[in-house]
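Since the structure comes first, as structure tokens, the remarks are kept for the end.
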Ligand code: PDD
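Numbering (the numbering used here), first residue to last: 12 to 287.
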């Protein structure tokens with residue numbers, strides 16, 4: 012059985028358990044986290060929970076559970092699953108109530124799944140991925156990890172159909188992030204990544220990479236840049252919980268540098284794998 016959790020009960024996540032009037036389902040009225048478990052241990056759990064509670068607060072969602080409660084639930088679910096390498100998806104919504112745009116006076120819902128980790132196609136890591144630049148059509152508060160991902164999905168699908176691995180979004184001629192990842196450039200031995208403004212998700216993997224760079228004495232600049240900088244970069248890579256670190260070797264079908272994954276990207280990936 013696929014292990015899941017809903018409002019106090021361990022469930023089979025393949026079972027149809029959500030009522031139609033669940034606000035996550037009807038409005039996308041909630042927030043989520045996606046966490047990797049390596050060798051039975053959730054990676055950077057504290058940071059993920061910080062962001063989960065920050066996102067909930069930002070949408071005025073009050074959770075009944077404390078951080079400790081959530082940690083205890085995840086620990087129990089991981090143990091029950093018997094999986095060492097897996098991922099946790101958790102979401103909180105404004106609960107179950109007849110459909111109405113106003114907030115209902117009901118407890119928030121919390122649900123989770125623990126699933127075997129979906130391995131990425133490793134040839135991407137060896138050969139590099141292509142990205143497609145696309146307009147960032149999302150709202151202003153992309154730092155909140157909400158369930159409302161339609162613009163992200165539309166961009167990702169369009170990029171995929173154009174043969175690219177990821178859509179990289181551009182707002183007012185400034186590169187923000189991928190549809191489900193953060194972006195780094197390497198230029199003259201330095202890492203450059205968009206600053207953690209409200210227009211990007213403050214990625215946990217991004218945070219780990221910045222920390223690793225400091226350890227490796229690689230300077231990091233958090234600054235805004237235009238699409239031109241991507242074409243002119245020495246190296247480019249994407250980061251997220253699901254893909255970890257993936258080198259990018261082409262943008263809009265144009266080769267970046269020599270078209271091979273870069274040395275600094277590899278170094279950072281190796282250091283990241285040591286950490287996890
Ligand atoms: N997405 N930017 C966006 C828009 C994202 O959706 C994600 C992650 C990231 C990277 O964040 P992190 O390093 O904390 O995973 C950046 C997750 C994986 C998802 O939606 O499933």
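Note that CB positions come from ideal geometry on N, CA and C, so glycine has one too.
Asked	Found
Bounding residues of the alpha helix (DSSP H) (the contiguous stretch that carries residue 47)	Here residue 47 belongs to no alpha helix (DSSP H); instead the beta strand (DSSP E) covers 41-49.
Sufficient close CB pairs (3 or more, under 8 Å) joining the segment 66-78 to the segment 97-115	yes
Residue environment, residue 35, which counts as buried when at least 16 other CB atoms sit within 10 Å	buried
The ligand PDD heavy atom lying under 6 Å from the CB of residue 212	yes
Cβ-heavy atom distance, residue 66 to the ligand PDD, below 6 Å	no
Close Cβ partners of residue 191 (< 7 Å) along its chain, the five nearest in sequence each way excluded	163, 167 and 251
Proximity test, residue 276 beta-carbon vs the ligand PDD heavy atom, cut-off 6 Å	no
Short Cβ contact (7 Å threshold) for residue 139 with residue 53	no
Beta-carbon separation (whole angstroms), residue 46 vs residue 96, contact threshold 8 Å	That belief does not hold up - the Cβ atoms of residue 46 and residue 96 are roughly 12 Å apart, past 8 Å.
Cβ shell of residue 182 (< 7 Å), same chain only, five flanking positions each side left out	147 and 210
Range covered by the alpha helix (DSSP H) that runs through residue 241	238-242
Proximity winner among 117, 271 and 92, relative to residue 50 (alpha-carbon distances)	92
Cβ contact check for the segment 257-277 and the segment 130-139: 3 or more pairs under 8 Å	yes
Through-space distance from residue 213 to residue 237, alpha-carbon basis	19 Å
Given residue 232 as reference, the closest of 253, 244, 202 and 84 once Cα atoms are compared	202
Nonlocal neighbours in the same chain, by C-beta distance under 8 Å from residue 205, ignoring five residues either side	185, 186, 187, 188, 193, 194, 211, 233, 234, 235 and 236
Neighbour-count burial assignment, residue 239, 16 or more Cβ in a 10 Å radius	exposed
8 Å contact criterion, which residue 284 and residue 58 should meet: CB distance rounded	Not really, about 18 Å apart at Cβ, beyond 8 Å.
Neighbour-count burial assignment, residue 33, 16 or more Cβ in a 10 Å radius	buried
Closest by C-alpha distance to residue 126, when choosing among 27, 67, 153 and 12	12
When 198, 89, 221 and 115 are compared against residue 40, the one with the closest alpha-carbon	115
Residue range of the unbroken beta strand (DSSP E) whose run includes residue 177	177-182
The ligand PDD heavy atom lying under 6 Å from the CB of residue 260	no
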